[in-house]
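A quick write-up on the structure given underneath.
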Amino acid sequence: MPVFKVKCPHCGHEMLYSSKTKFVKGKRKVCVYCGKSFEVSSAIIKVVKD
Ligand SMILES: [Zn+2]
Numbered sequence: 000m001p002v003f004k005v006k007c008p009h010c011g012h013e014m015l016y017s018s019k020t021k022f023v024k025g026k027r028k029v030c031v032y033c034g035k036s037f038e039v040s041s042a043i044i045k046v047v048k049d
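For the sequence shown, position 36 matches number 35 in numbering that gives the first Met the number 0, and the numbering has no gaps at all.
Below, the structure written as structure tokens:
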């Protein structure tokens, strides 16, 4: 299961996002820090595991 490190564009916090596939285009995640949603594919800063 792929794991990505993503950075929230709203508050700047980094967190892990795990996905069933490595194709995350169009997927959205709710930030655990500020509660706002963002697009995963544009927030990825690093692939932790693929
Ligand atoms: Zn945030």
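Positions of the beta carbon are idealized from the N, C-alpha and C atoms, including for glycine. As the structure is a computational prediction, the values presented were derived from the model and not from experiment.
- Cα atoms of S36 and M0: separation of roughly 22 Å, rounded to the nearest angstrom.
- Its chain contains P1, K21 as the residues whose beta carbon lies nearer than 7 Å to that of D49, once the 5 sequence neighbours on both sides are disregarded; these appear in chain order.
- With a cut-off of 7 Å, the C-beta of K35 is classified as near ligand 1, since at least one heavy atom of the ligand falls inside that distance.
- Each residue's CA atom was taken as its position, placing E13 and Y32 some 9 Å apart.
- Closest in alpha carbon position to C30, among V47, L15, I44, is L15.
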